[in-house]
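Working notes for the structure below.
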């Protein structure tokens, strides 16, 4: 069984994915962490530098903040980056599904890239705009950064209509742990 966890920027996907994988004692695959690994591969790094310029590379690594500024300011640039990265991420997801039947996948663009059909259960993390704004400030992002990043996601309502199980993340870490235990119980019952 494979579980896909998604949600808008700063909705709590990473934390909940870790909690659920731990509760189920399953493997965890984070697309964001995998992309970090892809950036270290010479051939991928070269394509990114060739596409977006030398300024995205410094101190032997891709400068995520610089790259983010470039791609979130231009839909065309975002599409270019996604055309490089998404096929590699999707291939790795499929490989892991074939290799291991019990994995929690954290996939920010699960529905946007039509990957939900690969999952047995899809979970949507939701939180209010106010909560997201608070998290934005805590992570040193601007409101403009939040809005640019969030604009690439389908609405929570659209994802709910596509059959996602909803987890509301408005409270404490303890509440989220409790929710992970509850969802793990539901998963075990399937």
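Residue numbers (the working numbering): 1 to 190.
All C-beta atoms, glycine included, are put in the ideal place defined by N, C-alpha and C.
Spatial distance of residue i from residue j (CA atoms)
i	j	result
residue 63	residue 49	10 angstroms
residue 159	residue 151	14 angstroms
residue 66	residue 55	7 angstroms
residue 57	residue 75	21 angstroms
residue 60	residue 45	10 angstroms
residue 143	residue 41	32 angstroms
residue 167	residue 81	30 angstroms
residue 136	residue 155	18 angstroms
residue 165	residue 187	11 angstroms
residue 43	residue 37	12 angstroms
residue 20	residue 13	10 angstroms
residue 127	residue 22	22 angstroms
residue 72	residue 29	24 angstroms
Rounded distance between the beta-carbons of residue j and residue i, thought under 8 angstroms
i	j	result
residue 183	residue 123	7 angstroms
residue 106	residue 11	In fact, because the Cβ distance is near 11 angstroms, the residues do not count as touching under 8 angstroms.
residue 146	residue 125	The pair is not a contact, with the Cβ atoms about 15 angstroms apart (cut-off 8 angstroms).
residue 26	residue 104	5 angstroms
residue 169	residue 176	6 angstroms
residue 94	residue 118	7 angstroms
residue 278	residue 4	Lying outside 1 to 190, the shown extent of the chain, residue 278 is not represented and no answer is given.
residue 92	residue 34	6 angstroms
Buried or exposed by the 16-neighbour rule on C-beta atoms within 10 Å, applied to residue i
i	result
residue 99	exposed
residue 79	exposed
residue 181	exposed
residue 179	buried
residue 171	exposed
residue 129	exposed
residue 139	exposed
residue 189	exposed
Same chain only: Cβ atoms within 7 angstroms of residue i, ignoring 5 sequence neighbours per side
i	result
residue 31	89, 106, 107, 108
Minimum Cβ-Cβ distance from residue i to chain B less than 8 angstroms
i	result
residue 83	The structure shown contains no chain B; it is built from a single protein chain.
Own chain, CB closer than 6 angstroms to residue i, minus 5 neighbours either side, in chain order
i	result
residue 52	70
Beta-carbon proximity list for residue i, same chain, < 8 angstroms, skipping 5 on both sides
i	result
residue 97	2, 103, 118
residue 112	152, 153, 154
residue 173	15
Task: In chain order, each beta strand (DSSP E) run of at least 3 residues that lies wholly inside the region 104–149 - done: Whole beta strand (DSSP E) segments, 3+ residues: 121–126.
Open item on the list: Please give me, in chain order, every unbroken run of the alpha helix (DSSP H) with length at least 4 that falls completely inside the region 37–98.
Closed with: 42–52, 64–71
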